[in-house]
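Count the first sequence with my numbering and you get residues 6 to 258, in order.
This report refers to the structure that appears directly beneath it.
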Amino acid sequence: MITPIHLDSTLFSGQTFAWVKQNGVYEAVVDKNLVSFSEESFDSMLEKHAALRRYFDMDWEYGKAEAYLASLDVHLARAIKTCKGLHILNQDPWEVLMAFLLSQNNNIKRIRSMYERLSKELGSHVEGSWYAFPRPQELLGISERDLRSLGMGFRAPYLLDAIQNHEVLSGIPGLNDDEALRALQTIRGVGAKVASCVLAFAYHRQQAFPLDTWMLKVMKKHYPGRDASYFAPYAALAQQYLFHYERTQGGLP
DNA sequence: GGCCAGGCCCCAG
DNA sequence: CTGGGGCATGGC
6 MITPIHLDST
16 LFSGQTFAWV
26 KQNGVYEAVV
36 DKNLVSFSEE
46 SFDSMLEKHA
56 ALRRYFDMDW
66 EYGKAEAYLA
76 SLDVHLARAI
86 KTCKGLHILN
96 QDPWEVLMAF
106 LLSQNNNIKR
116 IRSMYERLSK
126 ELGSHVEGSW
136 YAFPRPQELL
146 GISERDLRSL
156 GMGFRAPYLL
166 DAIQNHEVLS
176 GIPGLNDDEA
186 LRALQTIRGV
196 GAKVASCVLA
206 FAYHRQQAFP
216 LDTWMLKVMK
226 KHYPGRDASY
236 FAPYAALAQQ
246 YLFHYERTQG
256 GLP
């Protein structure tokens with residue numbers, strides 16, 4: 006049983022800020038290459054760029070996970086029915102860390118524009134108006150002042166600390182979930198929520214469960230007294246469905 | 001033109 | 001250890 010990926014839910018559910026959709030064409034820089042496709046050309050694009058199968062997480066057990074989560078309760082069943090095919094991407098850990106440092110006390114629209122600004126001002130040129138998000142090595146000489154002048158505000162020192170301690174990321178694969186959360190939170194500005202996003206969206210940890218303002222609302226309304234263990238072993242996917250459903254459909258009853 | 005945003009830090013109690 | 005104020009900025 007293969008359930009097709011749902012591109013809009015996957016690329017515009019707030020797990021990535023890299024993608025643009027214009028006239029039916031999806032575009033982003035992934036791993037220093039401009040990736041461009043439409044709904045119709047997605048499959049052939051994947052054949053041409055085999056490495057992107059992993060990025061789009063095409064070989065994981067989505068059919069099984071969707072069926073299991075939908076069987077848990079009616080709210081989850083509705084969320085899954087509405088945006089079925091939502092995949093959790095395997096993104097670059099560094100980019101996810103930086104993006105979600107930008108996310109605090111912020112809105113998605115502005116997170117995107119700040120992410121783009123860092124790419125354009127500090128990243129390497131790819132083609133046309135496209136730039137790669139800067140690697141930590143490209144940012145070593147930068148100052149808090151520079152970052153503030155780029156509009157990063159109070160997050161500037163957090164970004165700076167992430168730049169200086171980016172090596173924490175290389176150790177994450179060898180750690181269990183709790184250890185990984187603690188390791189990530191040694192970076193200034195990284196709390197439980199940001200750390201969970203990094204684990205879910207970059208390391209494919211299925212029990213990572215980012216609790217933001219939207220999810221707290223969902224949990225209070227539909228899952229009082231519950232926590233991530235209720236959704237095991239698919240908490241991360243459940244979170245992403247519930248978050249996206251709450252934001253796009255207003256959560257409904 | 002205020003209001004507010006995918007949190008976290010810091011400091012009181 | 002829990003709670004609440006403050007934070008830079010810009011989109012609405």
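We put the CB at the ideal spot given by N, CA and C, even for glycine.
Computed from a predicted model, the values in this text were never measured in an experiment.
For residue i, the three-state DSSP class (helix, strand or coil)
i: W99; result: helix
i: H130; result: strand
i: K26; result: strand
i: W65; result: coil
i: I116; result: helix
i: T191; result: coil
i: H227; result: helix
i: G255; result: coil
i: G158; result: helix
i: H2; result: Because the chain in this structure spans residues 6 to 258, residue 2 falls outside the shown range and cannot be described.
i: S14; result: helix
i: Q169; result: helix
i: I93; result: coil
i: S46; result: coil
i: H80; result: helix
i: F236; result: helix
i: P215; result: coil
i: P9; result: coil
i: A56; result: coil
i: L145; result: coil
i: S124; result: helix
i: Q245; result: helix
Proximity winner among the options, relative to residue i (alpha-carbon distances)
i: V123; options: L164, S46 and R59; result: In the sequence as presented, Val is not what sits at residue 123; that position holds Leu. Nearest of L164, S46 and R59 to L123, Cα basis: L164.
i: A104; options: M157, R58 and E132; result: M157
i: A2; options: L74, E121 and A72; result: Beyond the ends of the chain as shown, which are 6 and 258, falls residue 2; an answer cannot be given.
i: R160; options: Q109, E184, L94 and L186; result: Q109
i: G194; options: F22, P162 and S46; result: P162
i: I116; options: F17, E251 and K222; result: F17
i: R59; options: F22, Q254, Y208 and W24; result: Y208
i: L155; options: S134, L107, R140 and E132; result: L107
i: Q20; options: S201, M224, D232 and Y235; result: S201
i: N111; options: W219, H171 and D166; result: W219
i: Q142; options: Q190, L180 and Q169; result: Q169
i: T8; options: A56, D62 and Y31; result: D62
i: K1; options: G230, H80 and A23; result: There is no way to answer for residue 1, as the model of the chain reaches only from 6 to 258.
i: G255; options: Y31, L216, G29 and H80; result: H80
i: R39; options: Y228, S129, R210 and S118; result: Just to set this straight, residue 39 is Leu in the shown sequence, not Arg. It is S129.
i: V66; options: E126, H92, D166 and Y235; result: First, the amino acid is wrong: residue 66 is Glu here, not Val. Among E126, H92, D166 and Y235, the Cα nearest to that of E66 is on H92.
i: Y250; options: K26, Q96, I10 and C88; result: C88
i: A197; options: P215, H171 and L57; result: P215
i: Q211; options: Y235, E100, V223 and T191; result: Y235
i: L74; options: T253, A243, R252 and F248; result: A243
i: R140; options: M119, S118, H171 and D151; result: H171
i: R153; options: A185, A137, G179 and M119; result: M119
Anticipated Cβ contact below 8 angstroms, residue i with residue j, distance rounded
i: P238; j: I177; result: Going by Cβ atoms, the distance from P238 to I177 rounds to 19 angstroms, so no, they are not a contact pair.
i: A213; j: A188; result: Actually they are not in contact, since the Cβ atoms of A213 and A188 sit about 13 angstroms apart, beyond 8 angstroms.
i: L94; j: F47; result: L94 to F47, Cβ: 14 angstroms. No contact.
i: S14; j: G90; result: 6 angstroms
i: A84; j: Y246; result: 4 angstroms
i: V131; j: K37; result: 7 angstroms
i: S204; j: D183; result: Before going further, note that residue 204 is Leu rather than Ser in the sequence given. About 10 angstroms; that fails the 8 angstroms criterion.
i: L77; j: L174; result: No, L77 and L174 are not in contact; Cβ-Cβ is about 33 angstroms, not under 8 angstroms.
i: L144; j: L127; result: 6 angstroms
i: I147; j: D166; result: The pair is not a contact, with the Cβ atoms about 12 angstroms apart (cut-off 8 angstroms).
i: Q96; j: F248; result: Rounded, the Cβ-Cβ distance is 16 angstroms, inconsistent with contact.
In DSSP terms, what residue i is bridged to
i: A33; result: V40
i: Y136; result: H130
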